[in-house]
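Using this note's numbering, the letters of the sequence shown correspond one by one to residues 373 to 570. Here a beta-carbon is modelled for each residue, glycine too, at the ideal position from N, C-alpha and C. These figures come from a predicted structure and were not determined experimentally. The structure appears below as structure tokens.
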Amino acid sequence: MKNIVILISGRGSNMQAIVDAQVPGGRIAAVIANRADAGGLAWAAERGIATAVLDHKQFAGREAFDAALVALIDGYAPDLVVLAGFMRILTAGFVNHYANRLINIHPSLLPSFTGLHTHERALAEGVKFAGCTVHFVTAELDHGPIIAQAAVPVLDDDTPDALAARVLKEEHRLYPQAVADFVAGRLLIDGNRVKRSG
Ligand code: GAR
């Protein structure tokens with residue numbers, strides 16, 4: 373069994389999709405949030421999953437928070453660390469510690485629209501397709517070898533919320549599949565590319 377630790381900051385709908393997928397060979401070892409009010413925590417606890425909160429506001433800076441987060445996560449002996457709406461910029465030390473076993477989902481077709489407010493910015497730019505990306509995490513924000521992407525059309529009457537909902541539906545399909553591919557050992561990192569075998 374591969375141990376999976378999932379980090380969230382809010383409602384955790386991607387975390388729920390991954391838990392519900394019951395990835396073969398994978399075990400959700402813990403769900404950790406940086407906010408006590410993250411809605412996904414109660415959902416996970418109700419299902420008997422270990423949960424923990426590490427409040428970033430209790431730490432003097434990023435380095436101290438990330439060091440404590442590494443210690444907490446490593447207590448669950450993770451084979452894979454999954455960022456699922458974890459809204460913290462991570463230090464190079466954290467990212468390097470979990471090199472090649474730390475993945476993220478971002479609500480845009482990277483490398484377009486890194487950072488926040490992706491759907492507002494996609495509409496402002498007038499793009500005709502939006503989407504989501506699952507990628508291995510490297511020290512540069514919202515960069516790293518891309519594991520999978522899904523595209524959705526942008527409709528003429530879209531609002532940021534309508535577009536976000538269309539993209540989120542794809543996130544819930546894409547992320548469990550990517551986790552399953554990782555756990556099954558189907559992902560081969562080759563420079564900036566990820567090749568999928570089997
Ligand atoms: C998701 O749309 C995810 O792609 C995004 O936050 C949302 C979390 O929703 N992540 C980022 O913007 C990371 N930069 P969820 O808590 O319901 O999974």
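Could you work out which residue in the options is closest to residue i when comparing CA atoms only?
i      : options                           : result
PHE501 : VAL526, ALA432 and GLY447         : VAL526
ALA389 : GLY457, LEU441 and PHE431         : GLY457
GLY465 : THR531, ALA443, ILE477 and MET373 : ALA443
CYS504 : ARG399, PRO396 and PHE485         : PHE485
ASP529 : HIS469, GLY384, GLU512 and ALA496 : ALA496
Identify whether residue i lies in helix, strand or coil by the three-state DSSP scheme.
i      : result
ILE404 : strand
GLN430 : helix
LEU474 : strand
GLN388 : helix
PHE509 : It is Val, not Phe, that sits at residue 509 in the sequence shown. Looking at VAL509 - three-state DSSP - the assignment turns out to be coil, as it is neither helix nor strand.
VAL526 : coil
ALA536 : helix
For residue i and residue j, I'd like the C-alpha separation in whole angstroms.
i      : j      : result
VAL453 : VAL377 : 5 angstroms
GLY411 : MET387 : 11 angstroms
ARG473 : SER385 : 21 angstroms
VAL470 : ALA393 : Note that residue 470 is Tyr in the sequence shown, not Val. Taking the straight line joining both Cα atoms gives about 23 angstroms.
VAL499 : ALA537 : 17 angstroms
SER569 : ILE477 : 21 angstroms
Is the beta carbon of residue j closer than 8 angstroms to that of residue i?
i      : j      : result
PRO450 : ASN375 : yes
ALA522 : LEU559 : no
VAL506 : ALA550 : yes
ILE461 : LEU513 : yes
- Item | Three-pair Cβ contact test at 8 angstroms for the segment 437 to 444 versus the segment 473 to 486 | The segment 437 to 444 vs the segment 473 to 486: no contact.
- Message: Assess contact between the segment 397 to 412 and the segment 422 to 432, defined as three or more Cβ pairs (one per stretch) separated by less than 8 angstroms. Is contact present?
- Response: Note that the segment 397 to 412 touches the segment 422 to 432; at least 3 beta-carbon pairs, one per stretch, sit closer than 8 angstroms.
- Message: Across the segment 487 to 494 and the segment 405 to 419, are there enough close Cβ pairs to call them in contact, namely three or more that are closer than 8 angstroms?
- Response: Fewer than three Cβ pairs drawn from the segment 487 to 494 and the segment 405 to 419 lie within less than 8 angstroms of each other, which leaves the two stretches out of contact.
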